[in-house]
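J.: Would you mind keeping the following structure in view while I ask a few things?
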Amino acid sequence: MDRTRAAVAVSCGALAVVLAVAAVLLDAALLVVVASAAAIASAVVASESAGRRLFGRSTRAELQAAALRLDEERRKALERASRYEAEAIRARHDLAAAMRASAASSVGTKATDPAGEHVMTDPSAAEPEPPDARIGPGATDEPLPDLLLDPATGTFSQLFFEASLDKRVSAARRGMRQLSLAVVDVVTDVPGSANRDSAKADPNVVASTMATVFRDADTIARADDGTFLLLFEDTPETGAVWTMERFRRRLADQNEGFTTWVGISCYPAYGFNAEQLLAQAHEALDRAREWPQDRIEITTASPE
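If you're matching positions, the sequence shown starts at 17 in our numbering and goes up one per residue.
Here is the structure:
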């Protein structure tokens, strides 16, 4: 394109010279006007071509600079995400250790002898911990007491999730980060069963699928009513929806007859504290259950 424009400029310039010479020889005023027009056209095309080359160089430089900035921002975002995940895993481990210590100390409760004096019972006489209890993502090598785990799946218990949620909301508030919470109910078709609550899907199948989809920093717990509670670190609502959609598809691809309902709430878009977020997610789950097929609902509640 630049070569074509240059050729046009040269041709117009040459034509202007020829016409100017002819105008002088023939003393024709009209040829002077035409020669002037050709000269002007040559100048315009030449300047436009030069301007385009300059603009092209400027645009390439700007694009390269923008690409470098985006790459740097992406690198910093990945570093922040890694720090947040490490922080979440460490905080979850610390909380589990604190709850473990509290449970161990509660074993040594005071008993009263016949004389009315208080004595301490032997902590070693308490029931032993499970020999090799495990959780899903971020499992520790140490066995955890039953109060931290769901006995059916080995995921965290509702008690641990609620304690962790309160601390993670506080951490998100301090770090000005987003946090998403999801409540998941998965049922399966049972011939002749009209009560969907009695048709809960195999919790181990659900938990194992979650462990393959979610990050180590995400918390997976099973509630007392058989639903699953999920906590996604540094995740807005769109990220939570896409994550739950990946889980839903993976579960549907590997199992027939499963129906997945999900309720989602997020900090700080919809709630400012743990109780509010959990209540909103449950309300969204109730709306999702109104659909006969898979459904993911986000709360519409206001944080106020």
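Where is the CB? At the ideal position from N, CA and C, for every residue including glycine.
So for Gly191, helix, strand or coil by DSSP?
T.: Three-state result, Gly191: helix.
J.: What is the DSSP secondary structure of Arg238, reduced to helix, strand or coil?
T.: Three-state DSSP puts Arg238 in a strand.
J.: Among the residues of its own chain, which have a CB less than 8 angstroms from the CB of Ser262, if the five just before and after it don't count?
T.: Per the sequence presented here, residue 262 reads as Arg, with Ser not at that position. For Arg262, where only same-chain residues beyond five positions count, the Cβ hits under 8 angstroms are Val229.
J.: Suppose contacts are defined by Cβ-Cβ distances below 9 angstroms. Is Val185 in contact with Val200 by that definition?
T.: In this structure, Val200 does not lie closer than 9 angstroms to Val185 by Cβ.
J.: Using the Cβ count rule (16 or more neighbours within 10 Å means buried), how would you classify Gly273?
T.: Label assigned to Gly273: exposed.
J.: By Cβ distance below 8 angstroms, which residues in the same chain neighbour Pro319 in space, the five residues on each side in sequence not counted?
T.: For Pro319, where only same-chain residues beyond five positions count, the Cβ hits under 8 angstroms are Pro284, Ala285, Tyr286, Gly287, Phe288, Gln292.
J.: Going by DSSP in three states, Arg231 sits in which element: helix, strand or coil?
T.: Coil.
J.: Can you tell me where the beta strand (DSSP E) with Glu313 in it begins and where it stops?
T.: 311-314 is the extent of the beta strand (DSSP E) around Glu313.
J.: Tell me which residue opens and which closes the beta strand (DSSP E) that Leu163 is part of.
T.: It is not in any beta strand (DSSP E) - Leu163 carries neither H nor E in the DSSP assignment.
J.: In terms of residues, what are the limits of the beta strand (DSSP E) holding Thr275?
T.: Segment 274-283, the beta strand (DSSP E) holding Thr275.
J.: Assign Thr16 to one of two classes, buried (16 or more other C-beta atoms within 10 Å of its C-beta) or exposed (fewer than that).
T.: No answer is possible for residue 16: the residues shown for the chain start at 17 and end at 320.
J.: Residue range of the beta strand (DSSP E) that Phe248 falls in?
T.: Where Phe248 is concerned, the enclosing beta strand (DSSP E) stretches over 244-249.
J.: Looking only at C-alpha atoms, which of Ser121, Ala290, Gln80, Trp277 sits nearest to Glu313?
T.: Comparing Cα positions, the closest option is Trp277.
J.: One question on the structure: do Ala256 and Phe248 come within less than 9 angstroms of each other, judged by their Cβ atoms?
T.: Their beta carbons are under 9 angstroms apart, which means Ala256 touches Phe248 by this criterion.
J.: For Asp269, count the other beta carbons within 10 Å of its own beta carbon; 16 or more makes it buried, fewer makes it exposed. Which is it?
T.: Flag for Asp269 reads exposed.
J.: Measuring straight from C-alpha to C-alpha, what distance separates Leu301 and Ile280?
T.: Between Leu301 and Ile280, the C-alpha separation is close to 8 angstroms.
J.: Return the chain-ordered list of same chain residues with a C-beta closer than 7 angstroms to the C-beta of Asp240, the five sequence neighbours on each side being excluded.
T.: Hits under 7 angstroms: Gln174.
J.: To the nearest whole angstrom, what separates the beta carbons of Ile105 and Ala233, a pair I think is in contact under 8 angstroms?
T.: With 8 angstroms as the limit, Ile105 and Ala233 qualify as a contact, their Cβ atoms being about 6 angstroms apart.
J.: Would Leu163 be called buried (16 or more neighbouring beta carbons within 10 Å of its own) or exposed?
T.: Answer is exposed; the Cβ neighbour count stays below 16.
J.: Just to check my reading of the structure: Ser196 and Cys282 have Cβ atoms closer than 8 angstroms, yes? What is that Cβ distance to the nearest angstrom?
T.: Sure, about 5 angstroms apart at Cβ, within 8 angstroms.
J.: Can you give me the Cβ contacts of Pro252 inside the same chain, cut-off strictly under 8 angstroms, excluding the 5 residues immediately before and after it?
T.: Only Gln194, Ser196, Cys282, Ala285 meet the Cβ criterion.
J.: DSSP has Met198 in a bridge; who is on the other side?
T.: Here residue 198 turns out to be Ala, not Met, going by the sequence shown. Per DSSP, Leu246, Ile280.
J.: Below 9 angstroms between beta carbons: does that hold for Leu245 and Ala317?
T.: Not closer than 9 angstroms, so no.
J.: Cα separation between Ala82 and Thr75?
T.: Roughly 10 angstroms between the two C-alpha positions.
J.: Is Ser173 helix, strand or coil when you go by DSSP?
T.: In this structure, Ser173 counts as strand in the three-state DSSP scheme.
J.: For Thr321 versus Asp310, is the C-beta distance shorter than 9 angstroms?
T.: Residue 321 cannot be examined here, being either before or after the span of the chain that is shown, 17 to 320.
J.: State buried or exposed for Met14, treating a residue as buried only when at least 16 other CB atoms are found within 10 Å of its CB.
T.: As displayed, the chain neither begins before 17 nor continues past 320, which places residue 14 out of reach and without an answer.
J.: Looking at chain B, is there any beta carbon in it that lies within less than 9 angstroms of the beta carbon of Arg238?
T.: Looking for chain B here will not work: only one protein chain is present.
J.: From Pro219, Arg231, Met226, Phe176, pick the residue whose C-alpha is nearest to that of Ala290; which is it?
T.: The shortest Cα separation from Ala290 among Pro219, Arg231, Met226, Phe176 belongs to Phe176.
J.: Taking the continuous alpha helix (DSSP H) assigned at Ala307, which residues delimit it?
T.: Note that residue 307 is Trp in the sequence shown, not Ala. Trp307 -> no alpha helix (DSSP H), and no H or E assigned at all.
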